[in-house]
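Trainee: Residue 43 in my numbering sits at position 43 of the sequence shown, and the numbers go up by one each step. Think of the CB as a built atom: it goes at the ideal place given N, C-alpha and C, for glycine as much as any other residue.
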Amino acid sequence: MPPSPTWHASQADEILRNDSELNCEYAPIAGIASFTSKAAEPILSAGSLALQEKRAVTLQTISGTGAVHLGAPFSLDLMRAICEGST
1 MPPSPTWHAS QADEILRNDS ELNCEYAPIA GIASFTSKAA EPILSAGSLA
51 LQEKRAVTLQ TISGTGAVHL GAPFSLDLMR AICEGST
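1) How many Å lie between R17 and I32 at the Cα?
2) Looking at the structure shown, is V68 part of a helix, part of a strand, or coil, going by DSSP?
3) Between which two residues does the alpha helix (DSSP H) holding I43 run?
4) Can the beta-carbon of T36 be found less than 9 Å from the beta-carbon of L70?
5) Quick one: give me the first and last residue of the alpha helix (DSSP H) that Q52 is part of.
6) For L44, collect the residues of the same chain with a Cβ closer than 8 Å to its Cβ; drop the 5 residues on either side in sequence, then sort them by chain order.
7) Report yes if the C-beta distance between S34 and E41 is below 9 Å; otherwise report no.
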């Protein structure tokens, strides 16, 4: 009798858990610095004065709709504050 799909999933899980190269832990609350700093570069440009002066702030969120939900209201509030401050 061939192994069941559950057996394959169990074997894959065991292989992954025993691989010391893999890190399945959650990222820290502030995100992964090497990721967030590189993510800011295409948005602000690598030579941006804000990046050079360390005035840029990055935020790493959960993926998918959660990220969109967190990012959209934040961007709206930020743009509203910028627009109201420039009048």
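Mentor: Reading off the structure:
1) 22 Å
2) helix
3) A33 to L44
4) no
5) L49 to Q52
6) A50, L51 and A56
7) no
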